[in-house]
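Structure, as structure tokens:
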Amino acid sequence: MFIGKPLPLSNIIVLLLIPAVFLGQESVALSAAARPTIISHNLTVDLIPATHELAAQDQVEFELPRHAASIAFTLSPNLRVQSIVLKAPSVPGQPMRPDTVLTFSSVQHPHQRTQHIVVTLPLDHEERMTLDWSYLGLMNDPPKEPRHLRFVTPSETAGHIGLEGVYLSSESQWYPDTERSLSTYRIVARVPLEWTVVTQGRKVREEKNEDRVSSTWVVKDRSEALTLVANKFITKSKEWKGSNDQQVELATYFFPDNADLADEYLDATAKYLDAYVPILGDYPFEKFAVVENFFASGLGMPSFTLLGSGSIKRHYVQPYALGHEIVHSWIGNSVFKVAGRGNWVEGLTTYLANYYWHELSHDTRQAYEQRRLMLYGYSVYVTPDQDYPVAQFLRKREKKDDAIGYQKSAFVFHLLRREIGDESFWRAVKTFVSQYRNRPADWGVIETVFSRESHRSLRWFFEQWIEQSGAPTLSLGDVSAHYTVGDDGQNIWHLTVRIQQAGKLFRMLVPIRITMEETTETRWMALSASSEDFAEFILSHRPLQVELDPELTTFRRLARVQLPPMLNGYVTDQPRTVVQAFADPTSPLQQVVDRIVDQESRMPESRKTKVVTVDGVPLPRGGSVLILLGAEDQRTVQSIVQESCGDLVKFGTGGVQIDGQMYDGPAMAVLVSCRRASTPGSVVTVLYGVTPQAVAKIARLLFYYGWQSYVIFDGGVVVKREVWQPPSDWKEVRIDTIQ
Ligand SMILES: [Zn+2]
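Sequential numbering from 3 applies to the sequence shown in this note's numbering.
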């Protein structure tokens with residue numbers, strides 16, 4: 003059954019040197035071959051990290067049309083098939099028939115990273131059959147550094163078996179497969195002593211002999227792909243029992259350095275399961291494991307998550323981190339997206355984990371903060387000419403993809419909840435997850451389920467928010483009131499509010515905060531996709547002032563002047579100017595300049611940041627300015643700062659005063675932004691450290707603090723972060739006298 007011992011390395015190299023064929027004839031054979039529907043894999047795999055070797059046997063069970071003469075599978079071009087044997091079906095009461103060795107050919111197009119194996123079938127085959135594959139090869143593609151420094155992406159590898167670790171994912175193509183297959187798996191994986199394998203499903207057996215450990219895993223739910231990792235882990239586990247009586251094994255697989263963080267991760271996992279099982283239904287797997295990876299990653303696989311060492315060290319247990327990966331257990335790993343047909347998975351996961359968690363834990367400030375980041379992210383990173391519909395989002399490449407596919411998409415679920423009400427919304431979420439368990443779903447399915455559960459047609463909603471691009475631009479129009487006298491002699495106030503839309507028109511609900519004598523109330527206004535809507539509200543107190551959506555609960559585009567000043571205002575502005583206000587060329591501030599220049603090296607000249615010295619040419623009149631201020635030069639920038647920040651920010655020797663509060667001492671550094679006086683919508687941002695040491699600690703991570711108006715650091719640690727209150731859209735109520 004098993005491959006006794008993998009072939010020596012020399013043999014493998016010889017085999018791999020035989021090139022895969024690509025002849026016209028073979029290509030015809032590939033297009034004529036049927037695509038099987040895979041039911042199950044039964045794998046036995048030997049992994050040898052020291053030599054990058056993989057030797058495997060896979061019994062693949064599948065269905066195919068009876069008339070098919072040949073079938074095609076995909077496999078990594080690094081792997082060489084030794085034999086494919088058709089297992090004879092065992093018929094009760096009849097003698098065993100012999101197995102049949104089949105012929106096959108390998109087809110590989112020159113520029114493709116896939117090898118197609120075309121297998122010739124006997125004439126009288128069954129509709130369901132099992133092929134027994136033997137194959138082997140080297141998986142040696144050490145992860146490369148991420149290409150985008152400021153944008154966190156996992157390092158890139160097509161799969162690796164090495165002494166630093168084993169990582170085999172669907173991209174590795176490490177077993178014979180077909181596109182869009184959904185299969186169950188059983189796998190016996192053998193690794194050297196002291197190594198531990200982690201894969202999907204449940205470990206049912208583990209045995210050691212003199213030089214290998216063998217573990218058997220069963221994945222009984224159908225899954226798109228099987229990911230397997232191995233390393234020298236320290237394992238810890240505990241049992242979770244839910245209020246639904248479900249039992250789940252929680253585990254950590256960490257390197258010795260981080261082993262003492264195991265309990266923190268196990269407790270956080272339990273906390274998220276406690277919260278999300280009531281919302282999403284039974285947890286779809288038998289275990290959840292947090293597994294340390296040997297390269298930077300944040301990947302959610304069915305029943306485990308793979309995190310880089312750096313992330314684990316940084317206590318990656320927050321809702322947007324570990325919570326997000328756990329929600330992916332249901333959303334994405336149990337209900338799948340349909341490849342190439344729109345990625346709704348990230349929007350719903352982001353809504354449930356990154357946003358709704360704060361509502362669940364009654365943290366209204368953090369919930370507001372998340373809505374703010376969603377709206378600001380979309381407003382600054384997605385310019386109207388680069389916008390595209392949520393339905394077109396497939397994966398994150400740039401900031402704008404994140405703003406559309408994660409943030410706007412998440413916000414649309416918030417709007418949907420508002421539109422159909424909490425009860426229908428949460429019932430639809432639960433129904434959707436249970437009905438589509440182990441199945442693919444697209445936006446159309448989501449529309450169907452939410453329409454059915456809310457008993458109304460949501461066609462307009464999905465057309466407007468998912469299929470079309472854009473966001474509303476709203477402003478408060480005329481606001482007036484008059485009163486009548488009721489039967490009881492009390493005044494009845496009639497408040498008329500007008501809201502205007504510019505550009506593309508949207509149908510939506512908008513909250514209005516009404517400040518009255520003695521009280522404040524929020525009422526909702528339905529906009530009908532016209533350029534002006536009005537509504538009359540009956541109030542028992544005299545209205546004084548009306549504010550349009552002060553809590554940022556509706557999705558809309560905010561103009562740059564409507565945003566508070568922050569570093570991201572600088573980052574996304576044109577033109578940008580950096581002012582070097584430091585004398586020491588070895589200052590860490592110089593590294594910030596070097597990094598900006600390096601990152602923009604491929605940009606057209608006209609879009610590049612202009613770097614000037616403080617006493618050089620006058621600043622360009624337009625655009626945003628980043629001042630890198632050394633300890634010795636505060637007075638040189640005082641006039642620029644004064645002009646834009648007024649009395650809010652004052653630099654002095656040994657410290658800075660912000661909003662009336664003094665921050666001083668050698669470890670103090672600050673990042674502060676003000677609206678640029680000469681240019682509405684642009685900003686002046688200052689990075690300043692009392693000493694070079696104080697600023698050295700934050701220079702590298704500067705751009706992570708882009709959404710704040712000011713951040714105070716003490717020894718590199720954030721001690722305060724604030725947003726200058728953005729200008730809100732409000733109007734005083736005009737009182738009309740009725741003749
Ligand atoms: Zn995600």
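Virtual Cβ for every residue (Gly too), placed ideally from N, Cα, C.
Own chain, CB closer than 6 Å to residue i, minus 5 neighbours either side, in chain order
i	result
residue 116	76
residue 61	44, 132 and 134
residue 561	none
residue 502	477, 479 and 534
residue 31	120
Residue i Cβ short of 7 Å to ligand 1 heavy atom set
i	result
residue 226	no
residue 655	no
residue 351	yes
residue 348	yes
residue 326	yes
residue 330	yes
Outcome for residue i when other beta-carbon atoms lying within 10 angstroms are tallied against a minimum of 16
i	result
residue 757	Nothing can be reported for residue 757, as the shown portion of the chain is limited to 3 through 741.
residue 526	exposed
residue 165	exposed
residue 316	exposed
residue 629	buried
residue 719	exposed
residue 71	exposed
residue 299	buried
residue 233	buried
residue 149	Its pLDDT being 46, under 50, residue 149 is placed unreliably in this model, and the value from its coordinates should be taken loosely. It is exposed - the Cβ of residue 149 has fewer than 16 other Cβ atoms within 10 Å.
residue 205	buried
residue 807	Outside the shown range of the chain (3 to 741) lies residue 807, about which nothing can therefore be said.
residue 346	buried
residue 462	exposed
residue 40	buried
residue 541	buried
residue 744	No statement about residue 744 is possible, as the shown extent of the chain runs from 3 to 741 and does not include it.
Cβ-based neighbour list, residue i, same chain, cut-off 7 Å, excluding 5 preceding and 5 following
i	result
residue 669	696, 716 and 717
residue 726	566, 567 and 711
residue 355	321, 322, 325, 326 and 329
residue 143	159, 160, 161 and 162
residue 700	671, 715 and 718
residue 350	333 and 415
8 Å contact criterion, which residue i and residue j should meet: CB distance rounded
i	j	result
residue 433	residue 455	6 Å
residue 411	residue 395	7 Å
residue 547	residue 732	6 Å
residue 748	residue 124	Given that the chain is displayed from residue 3 to residue 741, the structure contains no residue 748 and the question cannot be resolved.
residue 596	residue 684	About 24 Å separates the two Cβ atoms, so there is no contact after all.
residue 257	residue 264	In fact, because the Cβ distance is near 11 Å, the residues do not count as touching under 8 Å.
residue 49	residue 192	7 Å
residue 631	residue 707	At roughly 16 Å, the Cβ-Cβ gap does not stay under 8 Å, so residue 631 and residue 707 are not in contact.
residue 401	residue 383	4 Å
Within 8 Å, strictly: CB atoms of residue i and residue j
i	j	result
residue 109	residue 29	yes
residue 760	residue 275	An answer regarding residue 760 cannot be provided, because it is not within the stretch 3 to 741 covered by the chain.
residue 579	residue 658	no
residue 73	residue 36	yes
residue 438	residue 337	yes
residue 545	residue 516	yes
residue 353	residue 452	no
residue 559	residue 381	yes
residue 304	residue 225	yes
residue 583	residue 639	yes
residue 187	residue 221	yes
residue 709	residue 377	no
residue 248	residue 284	yes
residue 272	residue 252	yes
residue 557	residue 473	yes
residue 554	residue 373	yes
residue 420	residue 511	yes
residue 529	residue 509	yes
Residues of its chain near residue i, where Cβ-Cβ distance is below 8 Å and the 5 sequence neighbours each way are ignored
i	result
residue 543	495, 518, 519, 520 and 521
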